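Here this note's numbering is used: the first residue of the sequence shown is 212, the next is one more, and so on.
The C-beta atom is built at its ideal place from N, Cα and C for all residues, glycine as well.
Because the structure is a prediction, the values reported are computed rather than measured.
Report on the structure given below.
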Amino acid sequence: GTVGTDALVPEIHAISPPLLGNPNFIVSLSNALPGSEATLVISGSDPGNSGTVPPYGTFSRVTAPLETASNGRGYASVNIPLPSTRALAGRTFYGRWYVPDPAAQNGLAVSRLLTFKLFGDSSSVVVPQYVDFDGDRKT
């Protein structure tokens, strides 16, 4: 990553599992300069740390406003619905947040690399069904 304000590297985290068909795959950002807009880029290879925001991501490219945490640092999170395409099972993807920051080299603080592998499929999620434990057809 690339350090920004207060000599901090923005932190990237996947909050939920990268399960195929997961409608709530959340990627968060912390330790960033608040008050601007950060860009998350996810691709099939490392989107890079070259000092510019990549114009696209082969998997996803989204922006999010940076809110201010109680410690004065910026944070954000985005929800990326994952496709249920079985052909993607086992594929690895890479993501980075890009944060405009005048204290950073080239004016851009960049998170470390997030790596995740898509697994399973949406049909592997078991949804509980009604169970009648005592046979009275009520519970």
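| task | Check each candidate in Arg284, Thr296 and Leu324 and name the one with the smallest Cα separation from Ala218. | result | Residue mapping note: residue 218 aligns to position 7 of the sequence shown, counting from 1. Ranking the options by Cα distance to Ala218, first place goes to Arg284.
| field | Straight-line gap, Arg297 to Leu329 (C-alpha atoms, nearest Å) | value | In the sequence shown, the residue the question calls residue 297 occupies position 86. In the sequence shown, the residue the question calls residue 329 occupies position 118. So the two alpha carbons sit approximately 10 Å from each other.
| query | Would DSSP call Val337 helix, strand or coil? | reply | Position 126 of the sequence shown holds residue 337. Reliability of the predicted coordinates at Val337 is poor, the pLDDT of 49 falling under 50, and no value is obtained from them.
| task | Kindly indicate which three-state DSSP category Leu251 falls into: helix, strand or coil? | result | For the purposes of this step, residue 251 is identified with residue 40 of the sequence shown, where counting begins at 1. In the structure shown, Leu251 sits in a strand (DSSP, three-state: E or B).
| query | Looking only at its own chain, which residues have a Cβ that is under 6 Å from the Cβ of Ile253, when we skip the five neighbours before and after it? | reply | Residue numbering aside, residue 253 sits at position 42 when the sequence shown is read from its first letter. Cβ within range, chain order: Gly268, Phe270, Ser271, Phe304 and Gly306.
| query | Under a Cβ-count criterion, where at least 16 other Cβ atoms within 10 Å of its own Cβ denotes burial, should Ala315 be classed as buried or exposed? | reply | As a first step, residue 315 must be located in the sequence shown, where it is residue number 104. It is buried - the Cβ of Ala315 has at least 16 other Cβ atoms within 10 Å.
| query | How would you call Asn317, buried or exposed, if buried means at least 16 neighbouring beta carbons within 10 angstroms? | reply | The residue you call residue 317 lines up with position 106 of the sequence shown. With fewer than 16 Cβ atoms within 10 Å of its Cβ, Asn317 is classed as exposed.
| Near Pro276, which residues of its chain fall below 6 Å by C-beta distance, leaving aside the five closest residues on each side in sequence? | Numbered from 1 along the sequence shown, position 65 holds the residue referred to as residue 276. Excluding residues within five positions, the ones whose Cβ falls inside 6 Å are Glu248.
| said: Quick check on Gly331: does DSSP put it in helix, strand or coil? | reply: Sequence index remark: in the sequence shown, residue 331 carries index 120 (1-based). Coil.
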